Amino acid sequence: MTNRRPHPRILVLDADQVPALTIARSLARRRYLVDVASAYASPIAAFSNTVCGKFRYPDPLLAEEAFVRWLADHQALQAYDLVIPVTERSLVPLSKHRDRLHGVRIAMAETASLDQVLDKATTFALAERLGVPTPHSAYVSDMSQLPAAAAALSFPVVLKPSHSVTAAGAGYSKLNVSYAGNQQELESKCREQLRYSPLILQSYFPGRGVGIELIATAGRILYSFQHLRLHEVPLTGGGSSFRMSTDVNPELLEASEKLIQAINWTGVAMVEFKWNPDSGAFCLMEINGRFWGSLPLATAAGADFPAMLAELLLTGEMGTYPDYRRGVYSRSLGKDITWHEMVLRTRSDVVTRVPGIGSVLSDIAKTFLPAHHFDTQSLRDPLPGLVELQRTAASYLRRFFELADEMRFTLRQRMYWRNGTVRERLRAADTVLFICYGNINRSALAEALMASMPGIDCDKQLMSAGFHPEEQRPADERMVRVAANHGCDLSRSRSAQVSNETLRGSDIIFVMEKTHYDRLAAMDAGSAGRVFLLGAHDGGPVNIADPYNRPAESYQLCFTQVQRAVSLLVADLQAGAGNGGTRQ
2 MTNRRPHPRI
12 LVLDADQVPA
22 LTIARSLARR
32 RYLVDVASAY
42 ASPIAAFSNT
52 VCGKFRYPDP
62 LLAEEAFVRW
72 LADHQALQAY
82 DLVIPVTERS
92 LVPLSKHRDR
102 LHGVRIAMAE
112 TASLDQVLDK
122 ATTFALAERL
132 GVPTPHSAYV
142 SDMSQLPAAA
152 AALSFPVVLK
162 PSHSVTAAGA
172 GYSKLNVSYA
182 GNQQELESKC
192 REQLRYSPLI
202 LQSYFPGRGV
212 GIELIATAGR
222 ILYSFQHLRL
232 HEVPLTGGGS
242 SFRMSTDVNP
252 ELLEASEKLI
262 QAINWTGVAM
272 VEFKWNPDSG
282 AFCLMEINGR
292 FWGSLPLATA
302 AGADFPAMLA
312 ELLLTGEMGT
322 YPDYRRGVYS
332 RSLGKDITWH
342 EMVLRTRSDV
352 VTRVPGIGSV
362 LSDIAKTFLP
372 AHHFDTQSLR
382 DPLPGLVELQ
392 RTAASYLRRF
402 FELADEMRFT
412 LRQRMYWRNG
422 TVRERLRAAD
432 TVLFICYGNI
442 NRSALAEALM
452 ASMPGIDCDK
462 QLMSAGFHPE
472 EQRPADERMV
482 RVAANHGCDL
492 SRSRSAQVSN
502 ETLRGSDIIF
512 VMEKTHYDRL
522 AAMDAGSAGR
532 VFLLGAHDGG
542 PVNIADPYNR
552 PAESYQLCFT
562 QVQRAVSLLV
572 ADLQAGAGNG
582 GTRQ
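Count along the sequence shown starting at 1, add 1, and that's the number in the working numbering.
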């Protein structure tokens, strides 16, 4: 391999991501000098013994201008031969400002090509013109388009933001795929997400996640690789935590070739498909115009894409590379622990495929195969793997202590209800405040139910509020309907944001979750002694879950839980007003 100078210097961005570590290891083996940089302190790639320099830049999601300025200044000092952005967090702002970075060679496709893969609506429109199968889709930019779009789709519906990273204030926001199981859920999620990005609505296509990874020049694929996702996080579909190299499917490669040629792509990319192994049918999911999360598998199998890209961009040509090995496995240890935890906690449904115990044990056994590799752990470069293990262990240890704290908190809250503390405080209170996150479901319902129950002390002031900054929002229309079916009117309810003044003016405060208690205590430590869990009145769940954007049965369950708790509060008040008796 011939380079422009003996040891070119390369800067790898997004060093907090495992693919950045993989790139650094690959390039160092080829005798490149590798620096890494990230918006975060102590990124995983910075612990690698393959890295020369480590730097930190302003977060491009929060400070786009400062990030671009940092790179221009840093390039002037270091004179890198190549800069490699690893995620869309850095890729999107760099593409937007590429004219200001004319002195920096950046590993990204031309604007016209890149825009077609960053905008999923454009990608799917192109695929349809080329005859590449896609899920049944509809493009929605405002709520008026939803009825016609929904009529052409079948549930469950997948909601995809048109752009994964979209402008938000002075920076960017990362947007994620979600699912809707019914019309009400679809309307609610569209209303929320359309505030940030147009949406692509798609009928769910069942199948396995398959990626065609490639490097191309001027629309011609030079090398291709295929992997099959074995474990995905989340279980509904997402990045893989465990995957395997397989033979390239000729049909998937042909579809990829059509797309790559049409957009005249130069660089690396992953064309992602859903593939049904029973029927052989497949659908395009997206094109990632950058390095992908499962890159460690490709390099472990012998498909050295980082080296290929560096050679192509630095010399204008790419030599011959050996074919990759099939049947190689790669596992992201931390993410795969999360996957196993999800499997234990989740039931299968239309969009969630939970494997049986036999399949889980079989995949664990593959850890001991010679063809098995870990994304981060490496004997030649041990520190990043040890750091990941330490961080994973610390995360679970924190969760253990948080769980123990929550159990102690729950026991105290139940005791306050049993020993009469809540009853006596309620009877003495002039002002009763109900709190939830948004004040459009649980707390609004509790206030309305208590106000509407016969015999309530008219001298008590009832209020509700939430943490959501937007005030004067009407109650969730689905909860309005559920409440109306039970004779409770929420039509005039409007949200309010809780303030320190509101807390200090409330004699007793009821919250729906421990997180609400924690936030109130942080706002005003003096109020903590007046805050109680509304759901701790009996042996059932103490937290009353937020039904927002959940199926219809979640709203009914929430109503039942709140109604039961409020009924007990009113019964205590009535007993106190009557003969001073206590509830047993």
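Every residue gets a Cβ at the ideal spot worked out from N, C-alpha and C, and that includes glycine. Keep in mind the model is a prediction, meaning the values are calculated, not measured.
Through-space distance from residue j to residue i, alpha-carbon basis
| i | j | result |
| --- | --- | --- |
| M309 | L380 | 24 angstroms |
| F401 | M408 | 11 angstroms |
| S179 | L160 | 5 angstroms |
| R106 | W71 | 15 angstroms |
| A171 | P552 | At A171, the pLDDT of 48 sits below 50, so the modelled position is not reliable and the matter cannot be decided from this model. |
| F511 | H517 | 9 angstroms |
| S153 | R230 | Note on residue identity: the sequence assigns Ala, not Ser, to residue 153. Spanning the two alpha carbons is a distance of roughly 30 angstroms. |
| L195 | R354 | 28 angstroms |
| R424 | E472 | 31 angstroms |
| R244 | A302 | 12 angstroms |
| C59 | A42 | The amino acid at residue 59 is misidentified as Cys; the sequence shows Pro. Cα to Cα, P59 sits roughly 11 angstroms from A42. |
| N515 | Q414 | Position check: residue 515 holds Lys in this sequence, whereas Asn was assumed. Approximately 10 angstroms, taken between the alpha carbons. |
| G467 | L434 | 10 angstroms |
| E287 | F156 | 20 angstroms |
| R520 | A122 | 40 angstroms |
| A150 | L83 | 44 angstroms |
| I545 | L202 | 31 angstroms |
| M464 | M513 | 15 angstroms |
| H232 | P207 | 15 angstroms |
| R531 | L446 | 20 angstroms |
| L34 | R130 | 43 angstroms |
| L412 | D539 | 11 angstroms |
| G317 | G182 | 49 angstroms |
| A77 | I85 | 16 angstroms |
Close Cβ partners of residue i (< 6 angstroms) along its chain, the five nearest in sequence each way excluded
| i | result |
| --- | --- |
| G328 | A372 |
| S39 | A16 and D17 |
| A430 | D508 and I509 |
| A256 | V133 |
| P199 | S142 and S163 |
| R332 | F243 and F375 |
| C284 | P134, T135, P136, F206 and K275 |
| H125 | Per the sequence presented here, residue 125 reads as Phe, with His not at that position. The residues are T135 and S138. |
| F560 | V483 |
| C589 | There is simply no residue 589 to check, as the chain begins at 2 and stops at 585 in what is shown. |
Outcome for residue i when other beta-carbon atoms lying within 10 angstroms are tallied against a minimum of 16
| i | result |
| --- | --- |
| G541 | exposed |
| G290 | buried |
| Q117 | buried |
| M416 | exposed |
| S507 | buried |
| Q227 | buried |
| S492 | exposed |
| G359 | exposed |
| Q462 | exposed |
| A110 | buried |
| S391 | Going by the sequence as given, residue 391 is Gln instead of Ser. It is exposed - the Cβ of Q391 has fewer than 16 other Cβ atoms within 10 Å. |
| A108 | buried |
Cutoff 8 angstroms; reference residue i; Cβ partners in own chain excluding five residues on either side
| i | result |
| --- | --- |
| D120 | S163 and H164 |
| R474 | G439, N440, I441, R495 and S496 |
| T393 | L334, G335 and I338 |
| Q262 | G220 and R221 |
Nonlocal neighbours in the same chain, by C-beta distance under 7 angstroms from residue i, ignoring five residues either side
| i | result |
| --- | --- |
| A219 | N265 and T267 |
| Y322 | Y224, D305 and M309 |
| L22 | I45, A46, S49, T377 and P385 |
| E389 | I45, L334, G335 and T377 |
| L147 | V141, E188 and C191 |
| T51 | A25, R26, A29, V35 and D382 |
| L570 | L427 and M451 |
Exercise for review: Enumerate, from N- to C-terminal direction, the unbroken alpha helix (DSSP H) stretches of 4 or more residues contained entirely within the region 470–537.
Suggested key: 478–486, 501–505 and 515–524
**Study point:** Sufficient close CB pairs (3 or more, under 8 angstroms) joining the region 357–375 to the region 20–36
**Key:** no
Check your understanding: Looking at C-beta atoms only, is the number of pairs between the region 334–348 and the region 229–244 that lie closer than 8 angstroms three or more?
Key -> yes
**Study point:** Completely contained alpha helix (DSSP H) runs for the region 275–350, where each covers 4 or more residues
**Key:** 296–301, 306–316 and 334–346
Review point. Can you find at least 3 beta carbon pairs, one from the region 330–340 and one from the region 201–215, that sit closer than 8 angstroms?
Key: Touching, no, given that fewer than three Cβ pairs across the two stretches are closer than 8 angstroms.
Check your understanding: Given 8 angstroms as the limit, is there contact between the region 562–570 and the region 524–538, that is, 3 or more CB pairs closer than that?
Key -> yes
Point to revise | alpha helix (DSSP H) segments (min. 4 residues) lying fully within the region 180–213 | key: Whole alpha helix (DSSP H) segments, 4+ residues: 184–194.
Point to revise | Unbroken stretches of the beta strand (DSSP E), 3 residues or longer, contained in the region 76–144 | key: 83–85 and 138–141
Review point. Do the region 84–100 and the region 61–69 meet, that is, are 3 or more Cβ pairs less than 8 angstroms apart?
Key: yes
Review point. Whole beta strand (DSSP E) runs in the region 355–398 with 3 or more residues, listed along the chain?
Key: 373–375
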